[in-house]
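Peer 1: Sharing a structure with you now.
4 protein chains.
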Amino acid sequence: MAGNSFGNIFKLTTFGESHGVAIGGVIDGCPAGVELDLEEIQKEMDRRKPGQSAIVTQRKEPDTVEFYSGIFEGVTTGVPIGFVIKNANQKSKDYSHIKDAYRPSHADYTYDQKYGVRDYRGGGRSSARETASRVVAGAIAKQVLSGIKINAYVSAVGDIRLDKAHTDLDLTLTESTIVRCPDIEKSAEMEQYIKQIRKEGDTVGGVVSCVISGVPVGLGEPVFDRLHAELGKAMLSINAVKGFEYGSGFAGAVLKGSQHNDLFNRDGSTKTNMSGGIQGGISNGMDIYFNVAFKPVATIMQDQDTIDKEGNIVTMQGKGRHDPCVVPRAVPIVEAMAAMVIADYWLLNRASKI
Amino acid sequence: MAGNSFGNIFKLTTFGESHGVAIGGVIDGCPAGVELDLEEIQKEMDRRKPGQSAIVTQRKEPDTVEFYSGIFEGVTTGVPIGFVIKNANQKSKDYSHIKDAYRPSHADYTYDQKYGVRDYRGGGRSSARETASRVVAGAIAKQVLSGIKINAYVSAVGDIRLDKAHTDLDLTLTESTIVRCPDIEKSAEMEQYIKQIRKEGDTVGGVVSCVISGVPVGLGEPVFDRLHAELGKAMLSINAVKGFEYGSGFAGAVLKGSQHNDLFNRDGSTKTNMSGGIQGGISNGMDIYFNVAFKPVATIMQDQDTIDKEGNIVTMQGKGRHDPCVVPRAVPIVEAMAAMVIADYWLLNRASKI
Amino acid sequence: MAGNSFGNIFKLTTFGESHGVAIGGVIDGCPAGVELDLEEIQKEMDRRKPGQSAIVTQRKEPDTVEFYSGIFEGVTTGVPIGFVIKNANQKSKDYSHIKDAYRPSHADYTYDQKYGVRDYRGGGRSSARETASRVVAGAIAKQVLSGIKINAYVSAVGDIRLDKAHTDLDLTLTESTIVRCPDIEKSAEMEQYIKQIRKEGDTVGGVVSCVISGVPVGLGEPVFDRLHAELGKAMLSINAVKGFEYGSGFAGAVLKGSQHNDLFNRDGSTKTNMSGGIQGGISNGMDIYFNVAFKPVATIMQDQDTIDKEGNIVTMQGKGRHDPCVVPRAVPIVEAMAAMVIADYWLLNRASKI
Amino acid sequence: MAGNSFGNIFKLTTFGESHGVAIGGVIDGCPAGVELDLEEIQKEMDRRKPGQSAIVTQRKEPDTVEFYSGIFEGVTTGVPIGFVIKNANQKSKDYSHIKDAYRPSHADYTYDQKYGVRDYRGGGRSSARETASRVVAGAIAKQVLSGIKINAYVSAVGDIRLDKAHTDLDLTLTESTIVRCPDIEKSAEMEQYIKQIRKEGDTVGGVVSCVISGVPVGLGEPVFDRLHAELGKAMLSINAVKGFEYGSGFAGAVLKGSQHNDLFNRDGSTKTNMSGGIQGGISNGMDIYFNVAFKPVATIMQDQDTIDKEGNIVTMQGKGRHDPCVVPRAVPIVEAMAAMVIADYWLLNRASKI
């Protein structure tokens, strides 16, 4: 209802503002008996955290997750997993310049209008810092899903695009580049471009692609909770996302049925995979793949005219340490949301037959 | 949970298969005191129904909605609105050819795998016939939302694209064409193309665009239930949808922040609207607009190889009366889902402040 | 949210007023593969229907259930089961005497205040007629739960009480009496009392007890969705219910821990069953048993002073055909709600372990 | 679903075991703009905490609540309120005696069977320590509900009963006694009895009554989410509760309709209040009142035979510091759950009319 929970059975509820004491969450419905590798969880956190490379924000946040419940002797007990990530930087900044002014294309104006009050420090609840809690839950979801692989990667930065199908890529290379693009050449181009954009005091958008392999047949709850509809909502709930497409996507709208239909092999697999691993809203066992479009970060290091609460025009000065391009750090977030959806729908599917 | 409900407060639950006795649904949470124009509801049904023009399926279904509850002397009473749409055609067909065979890119295989049993007649639950119930609920949601306008239209059929912003279109023309494209010239081209495709026994995909005007500031429930995330899920839950983008969408991923940011006017409106009427997941009062990609219909009038339950290769003969292109009839469905989301979030927003 | 759905996975949504066209509902989440005995369902309906014996209302309603979806060749398909029960009597009555007046201890006043509008014919949505839909869903839930027995019976009518534990009763006798009390002597006393009450133009309350046997260990979702909490809500949602207690109940509050603790047998069963088959909110495999208190029906055949919409004192004349005592017909409703809870929690429990 | 959330709009999710690092929770949907009195919240915590008087457990837990989010400059911001209560005692005890043995009438056996694994230290998740988080949320709900008074009190300890209607009591006296019974004489009797029970190494049950005054007309969501059904579930979800009754309750089942009906005054109030402030599941503006039965605490200071995981009979020695009677400390918990229900339904009701 109030929007801070995600999932049906495997359900994450998050709390926390960028400059409060801490952020964190509760994972309810994680099945009992999962032996958790806590280092692996922290490793996922490190993929998302600020300051990890030369092309992301240079803010310092250790992003260490502390678990308060739900894990006993390294194993999930079936009761809620409560966790907290302290905000290291909470008191360090002066935010008076945005206290009364609304930053363009941020959530300042809409939060103020909706709630009548706003924690203006660094974006408050609307800050992408909240996604750190998603990465915790996603890392646990991944460990629930043994045998299922979830690999996201950067497929575009501005107009530099990786025009290859995921089946033509070596996804083990993704983490070897700071851009998180598995094509080494394209990755270098993208890196250059991001550095240039930063010098301009500007930002740029991009696309994250994701592949989920090893999904059993049968996940998805028609008619409204089709698997791709939930994946779409999951992705669209990430800060700065403007679009989602799966399988053939927008390009599929151009095709004819005779070109688009996926003919069967005798074992139920298909010769092509325009469907993107989902038919009628239910997984068919083929790779699930999708693209997520991210807009350029709204905080730029350039002066912009804007308004304050009284409607006066004021100048917003660009300052602070922000990401010139959000997609490298978005990769683990996309994976986390995907993992939560698959874990949730895998559990839901246990109830489909007598 | 089991996937056949949509919405939080204004909530639709649907039932029914294409060839059962009837389809229908229950709308729970429609506020009391709405004076309903029942003819207007039927008019929306007629926009979706088969046989309405030369370019859609020639199946005959009157699609008359009967209301069983929740409306007293023409006014909603706040209790659930139950409704039923009888299936006129339920016994007329022979479906033995798909009883054991799986049609390519349909849901036959995945339903059978998930549930172990399947009503194979005409797609059963996976048929787009189910969307008729959505149109009923959407038509009521529209009447709840006085002052808010929701206009969808066809913006692409195959590679014939309407490359104009919604602000450059006269949306009152949409219904004057059978394609439901408000650009008369493009509409004629599209109509020609659809007719040609049908002659080929083939089908083609397309894009439906939608504009929502007059939305108050403040709708949307961060962080997971951002307004556009729910709109995205709503659209992705419609049969044959492969993608969703709002505001600048995938094209926005190419831009720089300095190009993409929407600068404010003194009244809180913005000079540009890359944000698509939503910032931080909350409506900002500007037009909400989005695109929805539809794949080509999987049923084609050509022979295709496929498999049966035992994994034998069999020939699937194309027959029956299906839509060569789904987008003209999808227009009212897109509007209906949009109306339900906005009505639901409008009611949700009543709880945001003390 | 809006209150007309019950359950998490196995979920019933109902619609319909006592004097509208029809009542009915949608059961979502019934697992696929259940071979339904439709006659058995109608038999449950007949246990609830009016006119079945000399001590219940003499209204005539055949209460025939029609299924519109979700069942194919006698087997559930995993998709929603839509059903309708036509209102035979919908136009027969004159309700002008309650159009503007509020009947004491009915829901007339509160519905009017809450919704600002009300279907005043025969109670509208607040009529117990709505429970017919629950009996349909409960009858299906019973068939989902093979091996689990649910037996309710009347244990008190006014101050005539059946002071025996369920273990000292032969519950197969319940249906042999029109009161539905398995103790033949007490049953005769109760029947006499009800007849006398009816002659007085009055009504009387009573208690329904229920026993659920064969429940597997492990059902229940702490901490808020404890099994007995959901059973309690289920029962309290039935018209006219004023109280719920399980296991030792209110009498247990008087006892000492040394008297109340259930000591274990070696197989995990317990020597006594003060716990009522539930410990820590989770079933322990012993009989679940509980009591449900029903107030006297508010419609009496005597004149009462009351008020109209303008606050004028008016005389409400007792007329119509109502039950002098609701508990005999409440027995199948209590069973139905219990069956839905157990079916739902049985499905939920499939997700508790990896 | 997984049971650790309560509420629809005003929703609490809790986490934490009695001997983990911390317990806590997230309150989602608290409306923005509530000026919180944080001392008042801590005062409610102190009413529940151990060691507060001679008749409760002498465990030491400061139970200090720390807020991590959702409150800015003392005012709620509409985003989730995350909070944590550290466990002071987490490492102090030796729990090897219950590691493998199942304490009678505790949740040890059922948790082990359900989840296959269990945090055995001090009850883990099944400990009533979890209710501290409910008191936090309830204290906030009370502050949301200005003008509504919620007063619980002890009305029975064992067979010592306060046989007075709430209207004959001075509820301002409740907190002046350590039993929390507003009748000073009865309170003294109860206190004596509890002390004697403790000397015996035994425990005893009791009843908590609660009155809610000033509730506006119209709260409640028929048919399943009747206001009293949700209150009942709320109470039954508290540890050790065995029964719930509201208004006339079980005693009402004995009465005739002519005795039980609440006749109207001209202003819509009623001359009597058998209905307990709720008619047809919707509040009518009169006092809402109900009773909650608590069983005796299962931990007694006497030796009991029990079984271990292998089904061997072992002797469980009574030790530790537990409450001889739970009801004095249950009073603030009952109030907290009541406050959450009323706050939630008050917000829900904002959507009932156009």
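In order, the protein sequences belong to chains A, B, C and D. Using the working numbering, the first residue of the first sequence is number 60, and each one after it goes up by one. Using the working numbering, the first residue of the second sequence is number 60, and each one after it goes up by one. Using the working numbering, the first residue of the third sequence is number 60, and each one after it goes up by one. Using the working numbering, the first residue of the fourth sequence is number 60, and each one after it goes up by one. Idealized CB from N, CA, C, for every residue including glycine.
Based on DSSP bridge pairs, tell me the residues matched to C/F303.
Peer 2: Along the third sequence, read from residue 1 onward, the residue named residue 303 of chain C stands at position 244. Partner(s): C/V351, D/F303.
Peer 1: Following the continuous beta strand (DSSP E) through C/D364, name the residue where it begins and the one where it ends.
Peer 2: Locating residue 364 of chain C in the third sequence gives position 305, counting from the first residue. 363-367 is the extent of the beta strand (DSSP E) around C/D364.
Peer 1: Quick check on DSSP: helix, strand or coil for B/F69?
Peer 2: For the purposes of this step, residue 69 of chain B is taken as residue 10 along the second sequence, with counting starting at 1. B/F69 falls in the coil class under three-state DSSP.
Peer 1: When DSSP labels each residue in this structure, what does A/Q338 get in the three-state scheme?
Peer 2: Stepping through the first sequence from its first residue, residue 338 of chain A is reached at position 279. Three-state result, A/Q338: strand.
Peer 1: Are three or more beta carbon pairs between the segment 201-220 of chain D and the segment 240-249 of chain D nearer than 8 Å?
Peer 2: Yes, they touch.
Peer 1: Hey, quick one: how far does the beta strand (DSSP E) through C/D171 stretch, first residue to last?
Peer 2: Here residue 171 of chain C refers to the residue found at position 112 when the third sequence is read from its first residue. Taken as a continuous stretch (DSSP letters only), C/D171 belongs to no beta strand (DSSP E), being part of the alpha helix (DSSP H) at 167-174.
Peer 1: Do D/D159 and D/D367 count as a contact pair if the criterion is CB distance below 7 Å?
Peer 2: Locating residue 367 of chain D in the fourth sequence gives position 308, counting from the first residue. Locating residue 159 of chain D in the fourth sequence gives position 100, counting from the first residue. Cβ distance < 7 Å, so D/D367 and D/D159 count as in contact.
Peer 1: Would you identify the three-state DSSP class for B/K315, choosing helix, strand or coil?
Peer 2: Taking the first residue of the second sequence as position 1, residue 315 of chain B is located at position 256. Looking at B/K315 - three-state DSSP - the assignment turns out to be strand.
Peer 1: Taking Cβ to Cβ, would you say C/D382 is nearer than 7 Å to C/V351?
Peer 2: Residue mapping note: residue 382 of chain C aligns to position 323 of the third sequence, counting from 1. Residue mapping note: residue 351 of chain C aligns to position 292 of the third sequence, counting from 1. No.
Peer 1: Just checking my contact of C/G84 with C/V203 at CB under 8 Å: how many whole Å lie between their CB atoms?
Peer 2: Position 25 of the third sequence holds residue 84 of chain C. Position 144 of the third sequence holds residue 203 of chain C. C/G84 to C/V203, Cβ: 16 Å. No contact.
Peer 1: Comparing alpha-carbon positions, which option in C/V115, C/P281, C/I392, C/R193 lies nearest C/V267?
Peer 2: Numbered from its first residue, the third sequence carries residue 267 of chain C at position 208. Comparing Cα-Cα distances from C/V267 to each of C/V115, C/P281, C/I392, C/R193, the minimum goes to C/I392.
Peer 1: Taking 7 Å as the threshold (beta carbon to beta carbon), is B/P90 in contact with chain D?
Peer 2: If you number the second sequence from 1, residue 90 of chain B lands on position 31. So yes, B/P90 belongs to the interface.
Peer 1: Is D/A191 closer than 7 Å to D/D122 when the C-beta atoms are compared?
Peer 2: As a working mapping, residue 122 of chain D is identified with position 63 in the fourth sequence. As a working mapping, residue 191 of chain D is identified with position 132 in the fourth sequence. Contact: yes.
Peer 1: C/L278 to A/G311, Cα distance in whole Å?
Peer 2: Translated into positions along the third sequence, residue 278 of chain C becomes position 219. Translated into positions along the first sequence, residue 311 of chain A becomes position 252. Rounded to the nearest angstrom, the two C-alpha atoms are 46 Å apart.
Peer 1: Any C-beta of chain B within less than 7 Å: which residues of the segment 386-412 of chain D qualify?
Peer 2: Cβ contacts with chain B: L406, R409, A410, S411, K412.
Peer 1: For A/R285 versus B/S296, is the C-beta spacing smaller than 7 Å?
Peer 2: Along the first sequence, one-based indexing puts residue 285 of chain A at 226. Along the second sequence, one-based indexing puts residue 296 of chain B at 237. Taking 7 Å as the Cβ cut-off, A/R285 and B/S296 qualify as a contacting pair.
Peer 1: Kindly list the residues whose CB is nearer than 8 Å to the CB of A/A113, restricted to its own chain and excluding five residues on each side of it in sequence; keep chain order.
Peer 2: For this step, residue 113 of chain A is matched to residue 54 along the first sequence. Within the same chain, A/A113 has close Cβ partners I237, K254.
Peer 1: Are the CB atoms of B/S334 and A/S186 within a distance shorter than 7 Å?
Peer 2: As a working note, residue 186 of chain A is residue 127 in the first sequence. As a working note, residue 334 of chain B is residue 275 in the second sequence. Not closer than 7 Å, so no.
Peer 1: Mind pulling the chain B residues with CB within less than 7 Å of A/H156?
Peer 2: Here residue 156 of chain A is taken as the residue at index 97 of the first sequence, counted from 1. Within 7 Å Cβ-Cβ: nothing; A/H156 doesn't reach chain B, min ~16 Å.
Peer 1: Which residues of chain B have a Cβ atom closer than 9 Å to the Cβ of C/D87, listed in chain order?
Peer 2: For the purposes of this step, residue 87 of chain C is taken as the residue at position 28 of the third sequence. Here the neighbours are M60, A61, G62, N63, S64, T72, F74.
Peer 1: How is the alpha helix (DSSP H) around C/V195 delimited, first residue to last?
Peer 2: On the third sequence, position 136 is the one that residue 195 of chain C refers to. Start and end: 190-203.
Peer 1: Taking C/D105 as part of the alpha helix (DSSP H), name the residues at either end of that continuous run.
Peer 2: In the third sequence, counting from the first residue as 1, residue 105 of chain C sits at position 46. Per DSSP, C/D105 belongs to the alpha helix (DSSP H) from 97-107.
Peer 1: Considering D/M375, what are the terminal residues of the alpha helix (DSSP H) in which it resides?
Peer 2: As a first step, residue 375 of chain D must be located in the fourth sequence, where it is residue number 316. Segment 372-375 is the beta strand (DSSP E) holding D/M375; no alpha helix (DSSP H) there.
Peer 1: Using DSSP with H/G/I as helix, E/B as strand and the rest coil, what is A/G308?
Peer 2: As a working note, residue 308 of chain A is residue 249 in the first sequence. The answer is helix: DSSP assigns A/G308 an H, G or I state.
Peer 1: Hey, is C/A81's beta-carbon within less than 7 Å of any beta-carbon in chain B?
Peer 2: Locating residue 81 of chain C in the third sequence gives position 22, counting from the first residue. True, the Cβ-Cβ gap to chain B drops below 7 Å.
Peer 1: Would you say B/K261 reaches chain A, if we count a Cβ-Cβ gap shorter than 7 Å as a contact?
Peer 2: Translated into positions along the second sequence, residue 261 of chain B becomes position 202. The sequence given here places Asp at residue 261 of chain B; Lys does not occur at that position. Yes, its Cβ sits closer than 7 Å to a Cβ of chain A.
Peer 1: Over what stretch of residues does the beta strand (DSSP E) that includes B/G265 continue unbroken?
Peer 2: Within the second sequence, numbered from 1, the residue matching residue 265 of chain B stands at position 206. It spans 265-272 - the beta strand (DSSP E) in which B/G265 sits, taken as one unbroken run.
Peer 1: Compare the C-beta of A/T365 with all C-beta atoms of chain B and state if any pair is closer than 7 Å.
Peer 2: As a first step, residue 365 of chain A must be located in the first sequence, where it is residue number 306. Yes - at least one Cβ of chain B is within 7 Å of the one on A/T365.
Peer 1: Quick one: list the residues of chain C neighbouring A/I68, beta-carbon separation under 7 Å, in chain order.
Peer 2: As a first step, residue 68 of chain A is located in the first sequence; it is residue number 9 there, counting from the start. Result: A410.
Peer 1: For D/R239, count neighbouring Cβ atoms within 10 angstroms of its own Cβ and tell me buried if that reaches 16, exposed if not.
Peer 2: Counted from its first residue, the fourth sequence places residue 239 of chain D at position 180. It is buried - the Cβ of D/R239 has at least 16 other Cβ atoms within 10 Å.
Peer 1: Mind checking C/R325: buried by the 16 CB within 10 Å criterion, or exposed?
Peer 2: Residue mapping note: residue 325 of chain C aligns to position 266 of the third sequence, counting from 1. Counting Cβ neighbours within 10 Å, C/R325 comes out exposed, since fewer than 16 surround it.
Peer 1: For B/D87, which of helix, strand or coil comes out of DSSP?
Peer 2: On the second sequence, residue 87 of chain B is found 28 positions in, with the first residue counted as 1. Residue state, collapsed to three classes: strand.
Peer 1: If we call anything under 7 Å between Cβ atoms a contact, is A/N146 one with A/L407?
Peer 2: For the purposes of this step, residue 146 of chain A is taken as the residue at position 87 of the first sequence. For the purposes of this step, residue 407 of chain A is taken as the residue at position 348 of the first sequence. In this structure, A/L407 does not lie closer than 7 Å to A/N146 by Cβ.
Peer 1: Quick one: is B/A224 buried, meaning 16 or more other Cβ sit within 10 Å of its Cβ, or exposed?
Peer 2: As a first step, residue 224 of chain B must be located in the second sequence, where it is residue number 165. Exposed, since its Cβ has fewer than 16 Cβ neighbours within 10 Å.
Peer 1: From the DSSP secondary-structure annotation, give me the bridge partner or partners of A/G141.
Peer 2: In the first sequence, counting from the first residue as 1, residue 141 of chain A sits at position 82. Answer is A/V85, bridged to A/G141.
Peer 1: Which class does C/S420 belong to by DSSP, given the choice of helix, strand or coil?
Peer 2: Here chain C covers residues 60 to 413 and nothing more, so residue 420 of chain C does not appear.
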